[in-house]
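Trainee: The following block contains the structure, expressed as structure tokens.
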Amino acid sequence: MKLMHAAIAAALILPTTAFADDAADLAAIRRDMDTLRAAYEARLQALERRLQAAEAALAGSAPAPGATTTTAAAPPPAAPAPPATAPPTTSAAGANAFNPAISLILSGLYARTSKDPSRYAISGFQLPADAEIGPGTRGLSLSETELAFAASIDPWLRGAATIAVAPDNSVSVEEAFVQTTSLGNGLSLKAGRFFSNIGYLNPQHAHTWDFVDSPLAYQAMLGSQYGDDGVQLTWLAPLDQFVEIGVELGRGRSFPGSDTSRNGAGMFAVTAHTGGDVGASHSWRAGISMLRTKASEQGLVATDAAGDAIDNVFSGRTRTWVADAVWKWAPNGNATRTNFKLQGEYLRSERRGDIVQDVGTSDLASIYRTRQSGWYVQGVWQFMPRWRVGVRTERLDPGREDYGTESALVDLGNHRPRKHSVMLDFNPSEFSRVRLQLAQDRARQGLTDTQWFLQYQMSLGAHGGHRF
Amino acid sequence: MNPSIDRFVRRLLATLVTALAAAAPAHAALRVFACEPEWGALAQELGGNLVDVSVATSALQDPHQIQAKPSLIARARNADLVVCTGAELEVGWLPLLLQQSGNGKVQPGQPGNFAAADVVRKLEIPAVLDRSQGDVHAAGNPHIQTDPRNIALVAAALAARLQQLDPANAAQYAKTQAEFAQKWQQAILRWSAQAAALKGTPVVSQHKAFAYLYDWLGLKEVAVLEPKPGVEPSVAHLQGVLASLKAAPPKMVLSAAYQDPRPSEWLARNAGIAIVRLPFTVGGSEGAKDLFGLFDDTVARLLAGAAKP
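Chains A and B, in that order, give the protein sequences.
Following the working numbering, the numbering of the first sequence begins with 405 at its first residue and continues without gaps.
Following the working numbering, the numbering of the second sequence begins with 12 at its first residue and continues without gaps.
Rendered as structure tokens:
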């Protein structure tokens, strides 16, 4: 067949070059030849497939000898198998062709705050000393650098890992999991380290957030973002309406849980989400989730009546409920020019167990119960291509604390932490973003912190997914 | 167990049972999930009432910029066959959609995953892969549906795939395909004859969306309004394009139905040339009701644009 092509090509090309010597003509002929060849080969391939399909169909049904001759006679099998046709254009060589998709997130920040961030606290919430709260460091700093890998492992599994390098040069595994692709029936099983699927914001990586920082409610009740080592099973209902239910089991290694040596699971979560479209322009998703974690000997920092910090130790269970909703609008579903996104989440945390107040000094042991809550609502509007503006408002309720018959050394105060933020971001392309954010943070009783942020976030390498 | 958890679990089970019951009346038809309207229309042409087609996007949406919306995840979960363009057009959303679908049948490499661009010859394959060149696709220009000859190739491959997935109706698919192929070939001859006069006409494109159309009809792309693929043109850039066109003014400026019309309108006004808004896919204009209408309308609009003084 190749010989034939060559002969035709020669016959066509030689006289043309001799008479016209026109490069454009030559190119046109070559193109036509290519088209012809592609068409011819595709047809051959299609014929072959049809033949195979027909044979398969025949093999499936009762083999009647008469039927075989009549059906199989129609397309005579073309002599040799045609060469692999469809031109796969990936020319990556050898072993490297199987390299996973790699992407790198580069991010940096300038922060200016009117109050010292090293003394940041959320009034009324007892948190571990190393809790990720507040605006971080002042001045210019590098944010987390994220390196992500993802690829299919085999026909049944895929794997992904996100390695985060913190500005202090420490490396951490943010996510590293394997996930089934072939269970079918809407089932998917994940194992490893991953962000829990509770809420809307929790499973999203920081670089996809619409504001520089996570909401106060996440900082106070989920340690900024809840990730764990464990397994997750999700099931998507066979409906036109999106209904996804998930169950997670994990170690419970981070706040509100605490890592200890135990055989059982320290974390259990159930998530349920639903969503859909309203017309061509609107889509939404809403859900409710519950996270249960165990903590033992968890160190917490609180404030006493004199305003001094005291150390407490808590052992017990925490149940956190998250209700989330997001609604998006884009004219005719085309978000390229303008679009709007409204999202809100309500978190409620119940802790019960035992506590020792003021460890090392008073050592006051008692039972402990508390119920706290918080919410945020934010809207982000892309008012023209590349430009977005957003507003977020949030509030926390420290609730009440119950120490049984013992007296409370901790002074919750009567302050309701709240914060308002506005942001403006510019996205030169889908892979880059520069953001300016101004926040008025009243997380600390009696203090108003004015925070300015200027941030960049860039993504290199593999194209990230457009999550809803 | 704690009473509130108990209630939650009970409610969860109730939801599961309801969902399962709703799913029970199994569809007999092959469920096809098409990423773009042209492939939905083609699957409908080839499958007729043997297929149940659902289209993920409309002609008014930019196929690069879709999000993995809940409604799409739900539909991908129930699909027997996913028909998409491929060539990285849907790289931002299809992989995510398939991962979240929990549907093993439509994962890449399975018979239920069909990429149209795999069976056609791609144009504009970048020699250098670097994002400094804008949103380029390693596999080449993915907008293959603007050349009807590509549709013919895809139709043959898609019919074969339908036969493979639904062998019980293989003969019917083969018959429909043969009829479609014949009708389509005649239509191509008709369109090619109608548009013969357009050969060599210089045009400007808003986005590099029509490489295959130009290849088919012999139109000459003399400029592109987007400075790089996927980057919105600024006024300064448009002025640069306008200046470069002074010497040899093009006949018309082309944009697709989903694109912002303003850059093309600006150029048409300032260069005094015709503006042609192409349907780009099925549903992109009044006339583009199906695949035949898509090209009837495309050719008609091009001829009208070229006829303007």
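Even glycine gets a Cβ: it sits at the ideal position worked out from N, Cα and C.
1) For D829 of chain A, name the three-state secondary structure that DSSP assigns.
2) Taking buried to mean at least 16 other C-beta atoms within 10 Å of its own C-beta, is W227 of chain B buried or exposed?
3) So, using beta-carbon positions, are F835 of chain A and L513 of chain A closer together than 8 Å?
4) In terms of residue numbering, what span does the beta strand (DSSP E) encompassing E579 of chain A cover?
5) Output needed in chain order: residues of the region 634–646 of chain A with a Cβ under 9 Å from some Cβ in chain B.
6) Taking the continuous beta strand (DSSP E) assigned at F125 of chain B, which residues delimit it?
7) Would you call the region 645–663 of chain A and the region 90–108 of chain B touching, i.e. three or more CB-CB distances under 8 Å?
8) Quick one: residues in its chain with C-beta nearer than 7 Å to the C-beta of L546 of chain A, no 5 flanking neighbours on either side, listed in chain order?
9) Would you say P48 of chain B reaches chain A, if we count a Cβ-Cβ gap shorter than 8 Å as a contact?
10) Pick helix, strand or coil for R201 of chain B, following the three-state DSSP scheme.
11) In the structure shown, what three-state DSSP assignment does A568 of chain A receive?
12) Taking the beta strand (DSSP E) that S507 of chain A belongs to, which residues open and close that run?
13) Can you check DSSP and say which residues form a bridge with R273 of chain B?
14) Starting from the beta carbon of P559 of chain A, find every residue of chain B whose beta carbon is closer than 7 Å, and list them in chain order.
15) Give me the Cα-Cα distance between P607 of chain A and A85 of chain B, rounded to the nearest whole angstrom.
16) Considering only residues of the same chain and omitting the five flanking positions on each side of P481 of chain A, which have a CB-CB separation below 6 Å?
17) Please name the residue, chosen from B:E237, B:P238, B:T212, B:V246, that lies closest to N281 of chain B on a Cα-to-Cα basis.
18) If the cut is a Cβ gap below 7 Å, which residues of chain B does N738 of chain A touch?
19) Could you pull out every residue in the same chain whose Cβ sits closer than 7 Å to the Cβ of K239 of chain B, ignoring the five residues on either side in sequence?
20) Below 8 Å on the Cβ atoms is my contact criterion, and I expect E805 of chain A with T774 of chain A to pass it. Report the Cβ-Cβ distance as a whole number of Å.
21) What do you get for W104 of chain B, buried or exposed, if any count of 16 or more other CB atoms within 10 angstroms of its CB means buried?
22) Cutting at 8 Å between CB atoms, please list the residues of its own chain near F787 of chain A, excluding the five before and the five after it.
23) Kindly indicate if chain B contains any beta-carbon less than 8 Å away from that of L551 of chain A.
24) What is the residue span of the alpha helix (DSSP H) that S112 of chain B lies within?
25) Could you list which residues in chain B have their beta carbon closer than 8 Å to that of P789 of chain A, in chain order?
26) What residue ranges within the region 204–240 of chain B form continuous beta strand (DSSP E) runs of no fewer than 3 residues, ordered along the chain?
27) Does W277 of chain B have its Cβ less than 8 Å from a Cβ in chain A?
28) Please report the distance separating the alpha-carbon of G543 of chain A from that of Y807 of chain A.
29) Tell me, please, whether the CB atom of A684 of chain A is closer than 8 Å to any CB atom in chain B?
30) Counting only Cβ pairs nearer than 8 Å, list the residues of chain A close to W104 of chain B.
31) Quick check: what's the CA-CA separation for R837 of chain A versus Y860 of chain A?
32) Taking the alpha-carbon positions, what's the A206 of chain B to T212 of chain B distance?
33) Check P261 of chain B in the structure and name its three-state DSSP category.
34) Per DSSP, which residues does T854 of chain A bridge with? Please list them.
35) Smallest Cα separation from A128 of chain B: which of B:L100, B:L140, B:P178?
36) Report the three-state DSSP secondary structure of V62 of chain B (helix, strand or coil).
Mentor: This is what the structure gives:
1) Here residue 829 of chain A is taken as the residue at index 425 of the first sequence, counted from 1. Of the three classes helix, strand and coil, the one that applies to D829 of chain A here is strand, per DSSP.
2) Translated into the one-based positions of the second sequence, residue 227 of chain B becomes position 216. Counting Cβ neighbours within 10 Å, W227 of chain B comes out buried, since at least 16 surround it.
3) One-based indexing of the first sequence puts residue 835 of chain A at position 431. One-based indexing of the first sequence puts residue 513 of chain A at position 109. It is not a contact, given that the beta carbons lie outside the stated cut-off.
4) Stepping through the first sequence from its first residue, residue 579 of chain A is reached at position 175. Residues 575–584.
5) T638, W639, L640, A641, P642, L643, D644, Q645, F646
6) As a first step, residue 125 of chain B is located in the second sequence; it is residue number 114 there, counting from the start. Looking at the DSSP string, the run of the beta strand (DSSP E) that includes F125 of chain B is 124–126.
7) no
8) The residue labelled residue 546 of chain A in the question sits at position 142 within the first sequence. Within the same chain, L546 of chain A has close Cβ partners G512, P571.
9) Residue 48 of chain B sits at position 37 when you count from the first residue of the second sequence. Answer no: the Cβ-Cβ gap between P48 of chain B and chain A never drops below 8 Å.
10) Position 190 of the second sequence holds residue 201 of chain B. Looking at R201 of chain B - three-state DSSP - the assignment turns out to be helix.
11) Numbered from its first residue, the first sequence carries residue 568 of chain A at position 164. The answer is strand: DSSP assigns A568 of chain A an E or B state.
12) By 1-based counting over the first sequence, the position of residue 507 of chain A is 103. Unbroken beta strand (DSSP E) run through S507 of chain A: 505–517.
13) What you label residue 273 of chain B is simply residue 262 of the second sequence in a count that begins at 1. Beta-bridge analysis with DSSP links R273 of chain B to no other residue.
14) Residue 559 of chain A sits at position 155 when you count from the first residue of the first sequence. The contacting residues are G120.
15) As a first step, residue 607 of chain A must be located in the first sequence, where it is residue number 203. As a first step, residue 85 of chain B must be located in the second sequence, where it is residue number 74. Rounded to whole angstroms, P607 of chain A to A85 of chain B spans 19 Å at the Cα level.
16) Mapped onto the first sequence, residue 481 of chain A falls at position 77. Confidence at P481 of chain A is low in this model, with a pLDDT of 35, below 50, so its placement is unreliable and the value that follows should be read with caution. Here the set comprises nothing.
17) Within the second sequence, the letter at position 270 stands for residue 281 of chain B. Comparing Cα positions, the closest option is B:V246.
18) Taking the first residue of the first sequence as position 1, residue 738 of chain A is located at position 334. Within chain B, the residues near N738 of chain A are L71, Q72, D73, Y269.
19) In the second sequence, residue 239 of chain B corresponds to position 228, counting from 1. Around K239 of chain B: Q144, G145.
20) Here residue 805 of chain A is taken as the residue at index 401 of the first sequence, counted from 1. Here residue 774 of chain A is taken as the residue at index 370 of the first sequence, counted from 1. The Cβ separation is near 5 Å, so the contact holds.
21) If you number the second sequence from 1, residue 104 of chain B lands on position 93. So W104 of chain B ends up on the buried side.
22) Position 383 of the first sequence, counting from 1, holds the residue named residue 787 of chain A. The answer, listed in chain order, is T742, V793.
23) By one-based count along the first sequence, residue 551 of chain A stands at place 147. No - not a single Cβ of chain B is within 8 Å of the one on L551 of chain A.
24) Counted from its first residue, the second sequence places residue 112 of chain B at position 101. Under the DSSP assignment, S112 of chain B falls in the alpha helix (DSSP H) whose first and last residues are 105–112.
25) If you number the first sequence from 1, residue 789 of chain A lands on position 385. Per Cβ cutoff of 8 Å: E243, D271.
26) 213–216, 231–235
27) The count along the second sequence starts at 1 and reaches residue 277 of chain B at position 266. Cβ-Cβ to chain A under 8 Å: no for W277 of chain B.
28) On the first sequence, position 139 is the one that residue 543 of chain A refers to. On the first sequence, position 403 is the one that residue 807 of chain A refers to. Approximately 41 Å, taken between the alpha carbons.
29) Counting from 1 along the first sequence, the entry for residue 684 of chain A is found at position 280. Yes, its Cβ sits closer than 8 Å to a Cβ of chain B.
30) Translated into the one-based positions of the second sequence, residue 104 of chain B becomes position 93. Residues of chain A passing the Cβ test: G869, H870.
31) Translated into the one-based positions of the first sequence, residue 837 of chain A becomes position 433. Translated into the one-based positions of the first sequence, residue 860 of chain A becomes position 456. Going by the C-alpha atoms only, they are around 6 Å apart.
32) In the second sequence, the residue the question calls residue 206 of chain B occupies position 195. In the second sequence, the residue the question calls residue 212 of chain B occupies position 201. Within the model, the alpha-carbon separation for A206 of chain B versus T212 of chain B is close to 11 Å.
33) Position 250 of the second sequence holds residue 261 of chain B. Of the three classes helix, strand and coil, the one that applies to P261 of chain B here is coil, per DSSP.
34) For the purposes of this step, residue 854 of chain A is taken as residue 450 along the first sequence, with counting starting at 1. DSSP links T854 of chain A through a beta bridge to A:Q844.
35) Counting from 1 along the second sequence, the entry for residue 128 of chain B is found at position 117. Nearest C-alpha to A128 of chain B: B:L100.
36) Translated into the one-based positions of the second sequence, residue 62 of chain B becomes position 51. Residue state, collapsed to three classes: strand.
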